[in-house]
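So the sequence shown is residues 12 to 925, counted in this note's numbering.
Cβ atoms here follow ideal geometry from the backbone N, Cα and C, with glycine treated the same way.
Computed from a prediction, not measured in an experiment: that's the story for all the values here.
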Amino acid sequence: MILLLLCKATSIIGQSYTVKGKVITDHDGEAASFAIVSIQNQELRTLCDINGNFELRNIPAGKHTLEVECLGYAKLKKSIVVSKTQSIQLQLQSSSFALPEFEVMAKRSRKGKVVIDEAALEYIQPTSLADVMLLLPGSVYKENNLTQFSQISSRQVGTDANTSLGVGIVTDGAPVSNDGIRSQLVGITEGSGTYDSEVRNRTGINQGTDMRYISTDHIQSVEFTRGISSARYGNLSSGMISISSKHGVTPLRVRLKTDLKNKLIYMGKGFRLGEKAGTLHAGIDYLHSIDDIREEMDKFSRLTGQLYYNNKVKVGGYNLDLDARLSQTITTSKMKKDELTYEYDETYKADYSRTGLMMKGCMTFGKTWLDQIELTLSADYTREKISRHRLVLSGSGPMNMPLAYEEGEHEGIYLPRKYYSDFYIDNQPVNIYAQLNANSRIPLFRNMMLNLMYGAEYTNVKNHGAGAVIEDEKRPPFPYDNSYMRPRPNWAIPALGTGAGYVQADFIYDDSKRNILQLSIGGRASMLTNLPSDYYLHGRVLTDPRINLSYTVGRTVKNTFRIGFGTESKTPTLDYLYPEKLYKDFYMLNAYTNDPQYRHLITYTNIYDVANRELKANKNKKAEAGWDIDYQGLSISLTAFYEQSDMGFEYFTEYYPLTYNLYTTLKPDVSIEGRTPQKNDYIEEQYSLFTTSKKVMNSSKVTKRGIEYRLIFPKIVPLSTTVEINGAYYQTDYASSLPLYYYPAVKIGGKEYPYVCIYDNGAKNQYRRLNSNIWLNTHIPKFKLFLMNFFQVVWLNTSQYKDNHDYIPTEYIDMSGALKPVDDIIRAQIAADDGTFRYFRRTILPVKYARNEKPVSLLWNLKATKEFKKGTKLSFFVNGLLDISPKYLSGSKVTQREWHDPYFGLELFFNFNL
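Given below as structure tokens:
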């Protein structure tokens, strides 16, 4: 098909035209400076200049729909017939509840994307980007808790670190990333044994962007792509979130919000700087949040400011759009005192500051071979410092302090049974990003257009922080399993660079009658550029093909069929690529006498290099198909999808045999009373055991499948109410692509068990959920009143552990480190209940396979908004007004129940025309 189109393009060239015009507002005919004018079906978009003038070139002949968006005004759609170059004038109406067509729900595009515009954002009044996701089909309501990090979920039941890490967030064309965060310290690094829950629950190390830091008050619109992303965007594996910032001329806007958990204030205004100087939009907001008003143990504060400048100038007869954004985010998260922390005298504090600068220039040539060229540059500097004052207690005897920096035998010292450890983790990543894009619009023949996009980009991240620093190395914060790290400063770690290029061809056929065909074929290639030569990803090119097809047919009844396939790749973070070596101490001589002056400790230190130089990118294979129907206000949308990622990052336990000399039994007739014991006072014996370390592997496997649905009914005129029902059936499997390693915790003849068993039993945890979100939106324009009732019904919510019931290992590791198969001889010994090999058989109780099934639950949220003069709005909301979550018996026969704390609040929104 593509070859046929290209062949025809060589002989039949279609005609294209230019549409010029001016956009004004209903405010005394004032120009709509820098309004966005677009023709979505043709992938055409331009900005008005400061006087509201615009020009769209390369428009094929036929009937099209112009769409105009401007901050503070209702979106305008106007049908035009293009048969020649023409000029038109468009007028925008101020956004108001008085407009009959006012909407507050998400919009769906033909490519399956979900767009949440200014009106919806203004109405739902979110405190962070996470709140906006409730509008997406399949999402479920979650209580707002800004004191802890929350993973981003995408088309799944539950959450996982790799999905959250793989969601790409792009603001005004520049990516938002925390891949440069590195926190290497035993107790903080995932998989390093006993960990500090106060730090781990409040930070998102290797889990993607923390959406608490993204204020929605500076956002004009958000676009969610959960299916196949454009080839322009990369280093993601779970779709993307594209954010457009507020810009242009607006009155002074003030927003106040208060509820039992949050207090928020925002002020913003857009200024016209001059006839040729462009506009500047400035905004600032402050948020204070607590977790529980009854305790107020945790609190979170965020201050965000943003300046957005844009202008349109003529350079050599061509239009040049200029954009620049300067943003600053400062947050503070503290753990306040309660009875327990008063007793322990512990403290936690996290300070975060991010300064970002984005500059963008887009030159429009309007030529067939080169329509536009765009350059985006961005840089951001983040300073994140976590400080901890922690009490260390030993309830199982004395602990040792590591002193060694080399493997082998070393003198050690004993730690006190109780002490305080002070440490901090300092991250200062600098992200630099540059992307050059171009596109060509080639008329192939009548009604057919080829929109060719291509470009290249480079990303560099360097962490200049001090890393993990323990104030007194003789007082480690997590000494419990005698494992330690010697953290290097983050500034000593190499920068992480990524180069990429892409090309995407969009074939667009629109006969202006009843047929619209859009075929998008693209590919992306990327490579990490600053890795050591012994890494697998060094010089390795990652490719991601992507294809999307949509076909719309019909006039009165419109049917749209969608299909897409592609891959998305997420590269490892700095923390994954450059872990610290692990030091593990084992007691050789542990003579802890009553008299401290005679105590003697000798340890054997083993050092493990846990860096996985074979680490690969996490590649997610995605496929989806959809069907949309539109008929006289009735809209039905169905999307079926399948995703499989079997190379996700996770910490995997590796076992190592270790033999060293042990001195525990005194020689006959030897007394150590009144003196320091020495090795020669004891009988030397060899001691063998398996020790472990955690290494990041490409072993996490997540499989997602499901059907998303959305029904929008025609407005019920007598009730002034529209009804939308959306939801999804999701089935998510979480597993590991590597076999299970199991070490029986038993001793044979007083010695450690000599084998590690390896099982390939296909174990996985399966989750299923079916939900319906029902929105009843009552809009009475005459009274400028809007009432939203939100009902959430979760019909099905189950979880279950599954495997192939093979309880016999396929291989095992012995004390020499050799990997051996489990042959028929060993199977016979297992069956005969041999004293050693009987532990090869794993026993899994039937209760582990039992399905946990929650009963049907119902939640009701309510919000009412009244608009007064000059756009002033007052809102009252109650979340959890009704919560029906019955008790149930879990698979393990434990009675459980889920609770949602109800809370209410007020919102005020003012417009001041200064």
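- As summarised for the segment 435-485, the continuous beta strand (DSSP E) elements at least 3 residues long and confined to that stretch are 440-456, 459-474, 478-481, given in chain order.
- A check of alpha carbon separations from N52 across S531, V441, S646 identifies S531 as the nearest.
- With respect to I504, Y589 sits close: the two C-beta atoms are nearer than 8 Å.
- Annotation for I192: no beta strand (DSSP E) segment contains it, and DSSP assigns it neither H nor E.
- The beta-carbon distance between A130 and L146, rounded to whole angstroms, is 12 Å. This is too long to meet the 8 Å contact definition.
- Counting only the Cα atoms, L893 lies some 43 Å from H38.
- DSSP, read as helix, strand or coil, puts M116 in coil.
- Between A242 and G533, the beta carbon gap of about 3 Å places them in contact (Cβ cut-off 8 Å).
- A residue is called buried when at least 16 other Cβ atoms come within 10 angstroms of its Cβ; Y674 meets this threshold and is buried.
- Per the coordinates, the alpha-carbon of F576 lies some 8 Å from the alpha-carbon of K632.
- In this structure, DSSP gives K705 an extended state, which the three-state scheme calls strand.
- Of the candidates I180, M799, M826, the residue whose Cα lies closest to the Cα of Y754 is M826.
- Apart from the 5 residues on each side of it in sequence, S49 sits with its Cβ closer than 7 Å to the Cβ of L55, R56, E78 in its chain, given in chain order.
- For the options L885, A506, A361, D844, the alpha carbon positioned closest to that of Q136 is the one of L885.
- DSSP places V143 in the uninterrupted alpha helix (DSSP H) bounded by 140-143.
- In summary, N691 is exposed, with fewer than 16 beta-carbon neighbours lying within 10 Å of its beta-carbon over all protein chains present.
- Per DSSP, A293 lies in no alpha helix (DSSP H); the unbroken beta strand (DSSP E) holding it starts and ends at 289-301.
- Where I837 is concerned, the enclosing alpha helix (DSSP H) starts and stops at 835-842.
- Counted as a single uninterrupted DSSP element, the alpha helix (DSSP H) harbouring T174 occupies residues 172-177.
- The segment 362-406 is shown to contain whole beta strand (DSSP E) runs of 3 or more residues at 383-404, in chain order.
- Here DSSP, grouped into helix, strand and coil, assigns Y667 to strand.
- Rounded to whole angstroms, Q162 and T821 show a C-alpha spacing of 36 Å.
- In the pairwise beta carbon analysis, the segment 466-475 is classified as touching the segment 429-445: at least three pairs are separated by under 8 Å.
- Straight across, the Cα-Cα distance linking Y914 with T269 is about 11 Å.
- If you draw a straight line from the Cα of K124 to the Cα of V757, it comes to about 55 Å.
- When DSSP states are grouped into helix, strand and coil, V568 belongs to the strand group.
- Two segments are said to touch when three or more pairs of C-beta atoms, one from each, lie closer than 8 Å; by this definition the segment 256-265 touches the segment 81-96.
- Taken in chain order, the whole alpha helix (DSSP H) runs of length 4 or more contained in the segment 826-901 are 835-842.
- Beta-bridge pairing by DSSP links D517 to N462, S531.
- With a contact defined as Cβ atoms closer than 8 Å, A479 and I199 qualify at about 7 Å.
- L275 has its alpha-carbon roughly 34 Å from the corresponding atom of L722.
- Residue environment analysis places N605 among the exposed positions, since fewer than 16 neighbouring C-beta atoms fall within 10 angstroms of its C-beta.
- Of the candidates E418, E395, Y491, L386, the residue whose Cα lies closest to the Cα of G466 is L386.
- The alpha carbon of N462 has as its nearest neighbour, out of N69, Y244, T170, the alpha carbon of N69.
- When the alpha-carbon of I769 is set against those of G761, Y720, K524, Y823, the nearest one is in Y823.
- Membership of I230 in the beta strand (DSSP E) is indicated by the continuous run 230-236.
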